[in-house]
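Data first, discussion second: the structure below is written as structure tokens.
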Amino acid sequence: MNASDFVTPRRLGRGGLTVTPLGFGGGTIGNPAIGNETSLATVASAWETGVRFFDTAPWYGLGRSERRLGLALAPLAQRADYRINTKVGKRLVPEASRDDANRTLSPNGQVRTPRDRDTGMRVRFAYDADSLQRQHEDSLQRLGTSFVDSLTIHDIDLGYHAPEQIEAHLAELAEQGGADYLHALRAEGAIAAIGCGCNLEARNASSWEVAAGGAQSPQLGGARGASPRRNSPHEELCERIADIVELDFFVVAGGYTLLETRALRRILPLCEERSIRVVIAAPYASGWLANPDGATTYMYEKAPDWVVERSARMARICAEHDVSLASVALQFVLAHPAVAAAIPGARSPQEPRANRENLEANVPAELWHALRSEGLLPDAAPTPEP
């Protein structure tokens, strides 16, 4: 793969599925604060820029993202002309009136999946075969299509589940038919690829920490050029899922960005070892790298001091080379040989056009060298320059 080729479709699975390197993350269009008209126009704008790979999930707006995406894509082209990835593991359960006894709890007892007041839906986690089949069929109905190209296992992680819940959900995959159902769909041609989510956010950040003696840097995945093999609980979990399910790709959100490269420690090597591809969600770290002025969040939370300081240093180097930080952020994640696509979200028709401009910007080799020389990129991180 040419690390600076951001146009040619890239392989996503073990079969023949390919996707455009620039995709569309559908989380934002699930936001009820963004109207239907704006959401549909935003998807149309992404299409006009050449995007043909669209990511969504039942969790995004509790069905709203899937409904809007299906409505937006239907008039644009024939179904075979684009790729849709949606997710399984969370069933939307109607709850006509609020039932305080019916809650999905996080390990600390807080409600992680509150009832959506607009739809009256609440999420129920389930990864067994019957549940995955129901979720898959429900998604097809919301999307208004007879098939999706890939299904991604969503949110088996320690940010949502206590350790005993994790074990129960892994058993649903391994012993209650969840993995077999996904494998059968792929073998039959009903889907072309199977993915799994891999997130690094505030809610699960502690699960990425290595036990005492690991010596990894909290931001850079270890000493520059090092290849430490001690795994965090989250990395162990991802490896266990890959042992149960024959994965085609991981969707990595937060673990591999211009600011945070911890996925270099184990997740990306695991993918290269097992021929698993990677889709990078939130390549701008939930907007921070596209607009690091304090008006946006860093991975959906207030930016910590190290992020503010580090991104300011990066922005200074970018300004010296007359390139935007957003362009560097997007091109950086696509340069890794395991990465098939990046799927930034968008809340307006202007943002997909900005993504295309970021992809086409001329980033000189001197800029990448400057980032490395100032210790802002680890030696192990590939960059697009020849």
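In terms of the working numbering, the sequence shown is residues 188 to 573. Glycine residues also receive a C-beta, built at the ideal position from the N, C-alpha and C atoms. Every value quoted in this text rests on a predicted model; they were computed, and no experiment measured them.
Outcome for residue i when other beta-carbon atoms lying within 10 angstroms are tallied against a minimum of 16
| i | result |
| --- | --- |
| Leu407 | Note that Leu407 has pLDDT 34, beneath the 50 cutoff, so the model's placement of it is unreliable and no number is given. |
| Lys154 | A query on residue 154 cannot be resolved here, the shown segment of the chain reaching from 188 to 573 and no further. |
| Gly562 | exposed |
| Gly203 | exposed |
| Gln518 | buried |
| Gly412 | In this prediction, Gly412 scores a pLDDT of 33, lower than 50, which makes its location untrustworthy; no coordinate-derived value is stated. |
| Ala533 | buried |
| Trp234 | buried |
| Ala608 | Outside the shown range of the chain (188 to 573) lies residue 608, about which nothing can therefore be said. |
| Trp395 | buried |
| Gly409 | The pLDDT assigned to Gly409 is 36, lower than 50, so where the model puts this residue is not dependable; a value taken from the coordinates is nonetheless given after this. So Gly409 ends up on the buried side. |
| Gly248 | buried |
| Pro531 | buried |
| Trp475 | buried |
| Ala267 | exposed |
| His370 | exposed |
| Asp430 | exposed |
| Ser191 | exposed |
| Asn272 | buried |
| Glu351 | exposed |
| Arg304 | exposed |
| Pro301 | exposed |
| Gly376 | exposed |
Bridge-paired residues (DSSP) for residue i
| i | result |
| --- | --- |
| Leu521 | For Leu521, which the question treats as bridged, DSSP gives no partner whatsoever. |
| Lys274 | Thr339 |
| Gly532 | Gly212 |
| Phe241 | Phe211, Ile271 |
| Thr484 | Gly474 |
| Leu386 | According to the sequence shown, residue 386 is Asn rather than Leu. Per DSSP, Ala440. |
| Val206 | Arg197 |
| Leu292 | Val298 |
| Val526 | Val465 |
Distance CB(residue i)-CB(residue j) smaller than 9 Å
| i | j | result |
| --- | --- | --- |
| Val206 | Gly237 | no |
| Ser419 | Arg453 | yes |
| Ala477 | Ala513 | yes |
| Leu612 | Thr243 | Here the chain has residues from 188 to 573 only, and residue 612 is not among them. |
| Gln322 | Pro245 | yes |
| Arg516 | Leu445 | Here residue 516 turns out to be Ala, not Arg, going by the sequence shown. Contact flag set, yes. |
| Ile353 | Val432 | no |
| Arg464 | Val520 | no |
| Gly442 | Asn386 | yes |
| Val146 | Lys277 | The requested residue 146 does not occur in the structure, where the chain is confined to residues 188 to 573. |
| Ala379 | Leu199 | yes |
| Leu357 | Arg427 | yes |
| Ser337 | Arg239 | no |
| Gly210 | Val466 | yes |
| Gln328 | Tyr368 | no |
| Arg461 | Leu424 | no |
| Ser511 | Asn545 | yes |
| Ser326 | Val397 | no |
| Arg290 | Tyr347 | no |
| Pro524 | Glu572 | no |
| Ala374 | Pro470 | no |
Range of the contiguous beta strand (DSSP E) that encloses residue i
| i | result |
| --- | --- |
| Pro281 | 277-281 |
| Val550 | Here Val550 belongs to no beta strand (DSSP E), and DSSP marks it neither H nor E. |
| Arg464 | 464-468 |
| Val310 | 308-312 |
| Ala440 | 436-440 |
Enclosing alpha helix (DSSP H) for residue i [first to last residue]
| i | result |
| --- | --- |
| Arg329 | 316-330 |
| Val230 | 223-235 |
| Ile378 | Note, Ile378: premise wrong, no alpha helix (DSSP H); not H, not E. |
| His348 | Segment: none, His348 is in no alpha helix (DSSP H) and carries neither H nor E. |
| Glu253 | 251-260 |
| Ser191 | From DSSP, Ser191 is part of no alpha helix (DSSP H); its letter is neither H nor E. |
| Leu455 | 454-461 |
| Leu424 | 420-431 |
| Arg500 | 492-507 |
Residue i Cβ short of 8 Å to the ligand SAM heavy atom set
| i | result |
| --- | --- |
| Gly200 | By its list of ligands, the structure shown contains no ligand whatsoever, and the ligand SAM lies outside what it can speak to. |
Review point. If you pair each beta-carbon of the segment 350-364 with each one of the segment 440-458, do three or more pairs fall below 8 Å?
Key: no
Review point. Counting Cβ pairs closer than 8 Å, one from the segment 221-237 and one from the segment 550-565, do we hit at least three?
Key: no
Check your understanding: On the three-pair Cβ rule with 8 Å, is the segment 253-265 touching the segment 278-289?
Key -> no
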